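Line order of the protein sequences matches chains A and B. Numbers 1 to 170, taken from my numbering, label the letters of the first sequence in order. Numbers 171 to 514, taken from my numbering, label the letters of the second sequence in order. All C-beta atoms, glycine included, are put in the ideal place defined by N, C-alpha and C. Note that this is a predicted model, so its numbers are computed, not measured. Report on one structure; see the data block that follows.
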Amino acid sequence: MLTEYAFWLLSFIAVFSGIAVIVSKNPVYSVLYLIMTFFAIAGHYFLMNAQFLAAVHIIVYAGAIMVLFLYVIMMLNLNSIEIEKRSSIVKLLAVVASGLMLVVLAGAVPHAEVLIQQKESATPAGMVEDLGIALYRNYLLPFELASILFLAAMVGAVYLSKKNLNETQN
Amino acid sequence: MTDSMLIYKIILCVIVFAVSLGAAAYMTWGERKLAAWLQDRVGPNRAGPLGLLQPIADGIKMFFKEEMIPTHSNRWLFILGPCFFMLCACMTGVVIPWGAGWQTETTLYPMQVTDINIGLLYLLGVVSIGVYGVMIGGWASNNKYSLLGALRASSQMISYEVAMGLALIALVMMTGTLSLKEIVEQQDAGMANVVYQPLGFIIFLICAFAETNRAPFDLPECESELVGGYHTEYSSMKLGFYLFAEYINMFISSAIMASLYFGGYNFPFQHELGLDGNILTIVQSAFFFGKIFLFIFLFMWVRWTLPRFRYDQLMNLGWKVLLPLAIANIIITGFVMLFTGKLG
Numbered sequence: 001m002l003t004e005y006a007f008w009l010l011s012f013i014a015v016f017s018g019i020a021v022i023v024s025k026n027p028v029y030s031v032l033y034l035i036m037t038f039f040a041i042a043g044h045y046f047l048m049n050a051q052f053l054a055a056v057h058i059i060v061y062a063g064a065i066m067v068l069f070l071y072v073i074m075m076l077n078l079n080s081i082e083i084e085k086r087s088s089i090v091k092l093l094a095v096v097a098s099g100l101m102l103v104v105l106a107g108a109v110p111h112a113e114v115l116i117q118q119k120e121s122a123t124p125a126g127m128v129e130d131l132g133i134a135l136y137r138n139y140l141l142p143f144e145l146a147s148i149l150f151l152a153a154m155v156g157a158v159y160l161s162k163k164n165l166n167e168t169q170n
Numbered sequence: 171m172t173d174s175m176l177i178y179k180i181i182l183c184v185i186v187f188a189v190s191l192g193a194a195a196y197m198t199w200g201e202r203k204l205a206a207w208l209q210d211r212v213g214p215n216r217a218g219p220l221g222l223l224q225p226i227a228d229g230i231k232m233f234f235k236e237e238m239i240p241t242h243s244n245r246w247l248f249i250l251g252p253c254f255f256m257l258c259a260c261m262t263g264v265v266i267p268w269g270a271g272w273q274t275e276t277t278l279y280p281m282q283v284t285d286i287n288i289g290l291l292y293l294l295g296v297v298s299i300g301v302y303g304v305m306i307g308g309w310a311s312n313n314k315y316s317l318l319g320a321l322r323a324s325s326q327m328i329s330y331e332v333a334m335g336l337a338l339i340a341l342v343m344m345t346g347t348l349s350l351k352e353i354v355e356q357q358d359a360g361m362a363n364v365v366y367q368p369l370g371f372i373i374f375l376i377c378a379f380a381e382t383n384r385a386p387f388d389l390p391e392c393e394s395e396l397v398g399g400y401h402t403e404y405s406s407m408k409l410g411f412y413l414f415a416e417y418i419n420m421f422i423s424s425a426i427m428a429s430l431y432f433g434g435y436n437f438p439f440q441h442e443l444g445l446d447g448n449i450l451t452i453v454q455s456a457f458f459f460g461k462i463f464l465f466i467f468l469f470m471w472v473r474w475t476l477p478r479f480r481y482d483q484l485m486n487l488g489w490k491v492l493l494p495l496a497i498a499n500i501i502i503t504g505f506v507m508l509f510t511g512k513l514g
């Protein structure tokens, strides 16, 4: 019963702040609302007994990525006036792309019942041990490939920033 | 969870909260006395015997000061900043085991508010969101010094969080658990973790100094360059919250270091004394607080001994020294575990 109330409260917060992210004129408020959304989603993970996922969600998204977002926005001192106007083709493409995303999500809804049944059978799916065993036994190759992808992205970012540095020095 | 357990947990929550606040209040007194001692002065000695009422006098002063909110600043965010910082400082105390527990005829009441099996991740999470209090406050002040202080604080905290997390990974590899309770209990059977993880402990200690914005890493509030840093525009109790939360953070990080690396509430030969369970718990808690106060002393000693880093030195230390050392520590730990056959 209590979890059901928590579910509705968290869902309300997530949807409300998700809309507020788009509606806010000031980018700093958008980021703050986005952080609220992440907290609500982390709460949902907790309700689904995925503690590790919830903690990592907070640490990585709310604690690291959004801090950098906020950092950049504060540093550039962006204001609501300076948002550049985009051409109508870009807007149209954005609408089509997000519409496709909506179709994918709507297609996933009929399968949602299966997930709820799994949750209630009290399997500790989100616990650290089970997650580690699943990642390192069953999905070792994709996991390692993903880490190489991350490494490549990091090296690329460092290379790009160093390249600009050399040009300005010369 | 039974009703008596629930009531016990609520009471324990209140006690942990009160102890953190009380310890933080008297740490301000201790810091002044220690500074005075190191500089051959007397220190606070007017309010009460030995100046012991000084924290209360300071608190009353903070509450009755005029409250200023700068114009053109965002009122809500300006208030939210210190509140959030204080909230994050108070949230970490719940996963720390303060003692073994009270044994009655039927049940054991553990001296830990909650033993979640992701205790260490919870700590890292709360530490990583604590930076928002500083950033929001500094931005909402609408002042360039505040903004610069906030940007410095956030980049410093992010940089040192990485090394801190990696230092903890080596510890987690060794102990095989993320629960603080289990980590402390393992140190009862074996040696304190600092014996196996000396490098990890040193990295963690340095990062704890940086995360709590203590000297020599107190660049966010570097008064010779930035007036007052991120809290330049703050006055009254909102400033008090920022300053006070720093002391709570110091207290909690001392407790974390004591439990992760120095055996927590365990002390040598504790089972040879033949003490009854509940009395042993009291002695253990006393030892735990002794360890915490040693770390707090270290924090203050360093503050009044070392000068402040320059900003580029701070970043170089974080990224080019501590981060590679932490990764090397993980690799060494892995190899040692492989060759001693400790891999499960």
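Chain B contact for residue i (CB, 8 angstroms cutoff)
i         : result
LEU70(A)  : yes
PHE7(A)   : no
SER121(A) : Residue confidence is low: SER121(A) scores 45 on pLDDT, short of 50, so the model does not pin down where it sits. Its coordinate-derived value is still stated next. Chain B, which has no Cβ nearer than 8 angstroms to the Cβ of SER121(A), makes this no.
MET74(A)  : yes
LEU36(A)  : Before going further, note that residue 36(A) is Met rather than Leu in the sequence given. Taking Cβ atoms only, chain B never reaches closer than 8 angstroms to MET36(A), which makes this a no.
PHE16(A)  : no
GLY63(A)  : yes
MET127(A) : yes
VAL13(A)  : It is Ile, not Val, that sits at residue 13(A) in the sequence shown. Chain B contact via Cβ: absent.
PHE52(A)  : yes
VAL67(A)  : yes
VAL23(A)  : no
Same chain, Cβ closer than 7 angstroms to residue i, neighbours up to 5 away in sequence not counted
i         : result
MET407(B) : MET232, PHE233
ALA385(B) : VAL472, ARG473, LEU476, ARG478
CYS258(B) : VAL296, ILE299, GLY300, GLY303
GLN357(B) : ASN363, GLY433, GLY434, ASN436
LEU468(B) : none
CYS260(B) : PHE187, SER190, ILE418
LEU317(B) : GLY308, TRP309
ALA206(B) : VAL212, GLY213
Close-in-space but distant-in-sequence residues of the same chain around residue i (CB under 6 angstroms, 5 per side omitted)
i         : result
ALA122(A) : Reliability fails at ALA122(A), whose pLDDT of 49 lies under 50, so the model's placement of it is uncertain and the value that follows must be treated cautiously. So no residue of the chain qualifies.
GLY488(B) : SER329, TYR330
MET420(B) : THR382, PHE469
LYS461(B) : ALA428, PHE432
LEU492(B) : ALA333, ILE373
Counterpart residues of residue i in DSSP-defined beta bridges
i         : result
TYR279(B) : TRP272(B)
Rounded separation between residue i and residue j - CA only
i         : j         : result
ALA64(A)  : THR284(B) : 25 angstroms
GLU120(A) : LEU47(A)  : At GLU120(A) the pLDDT is 49, less than 50, meaning the model places this residue with poor confidence and gives no usable figure here.
ALA62(A)  : LEU222(B) : 41 angstroms
SER311(B) : LEU76(A)  : 16 angstroms
PHE12(A)  : ILE502(B) : 47 angstroms
PHE432(B) : ILE422(B) : 14 angstroms
GLY289(B) : LYS351(B) : 9 angstroms
ALA42(A)  : PRO252(B) : 23 angstroms
PHE187(B) : TRP272(B) : 19 angstroms
VAL189(B) : GLY360(B) : 29 angstroms
LEU430(B) : GLU355(B) : 10 angstroms
PHE69(A)  : MET256(B) : 23 angstroms
LEU389(B) : GLY229(B) : 25 angstroms
GLN483(B) : ALA333(B) : 16 angstroms
ALA428(B) : TRP268(B) : 11 angstroms
LEU102(A) : LEU135(A) : 29 angstroms
CYS377(B) : VAL365(B) : 19 angstroms
GLU236(B) : ALA54(A)  : 41 angstroms
Cutoff 8 angstroms: residue i Cβ touching any chain A Cβ
i         : result
ILE299(B) : yes
LEU294(B) : yes
TRP207(B) : no
ASN287(B) : yes
MET305(B) : yes
ILE339(B) : no
TRP489(B) : no
TRP309(B) : yes
SER324(B) : yes
ILE422(B) : no
ILE180(B) : no
LEU222(B) : no
LEU445(B) : no
Cut-off 8 angstroms between Cβ atoms - residues of its own chain near residue i, not counting five sequence neighbours on either side
i        : result
ALA40(A) : LEU10, SER11, ILE13, ALA14, SER17
message = Which runs of the alpha helix (DSSP H) at least 4 residues long sit entirely within the segment 223-276 of chain B? Give them in chain order.
response = 224-234, 245-261
inquiry  = What ranges does the alpha helix (DSSP H) occupy inside the segment 172-216 of chain B, keeping only unbroken runs of at least 4 residues that lie completely in it?
reply    = 173-208
Segments of 4+ residues assigned as alpha helix (DSSP H) that fall wholly inside the segment 23-86 of chain A = 27-47, 51-56, 66-76
Ordered list of beta strand (DSSP E) runs contained in the segment 336-379 of chain B, each at least 3 residues = none
key: Any alpha helix (DSSP H) of 4 or more consecutive residues that is wholly inside the segment 372-447 of chain B   = 393-396, 406-431
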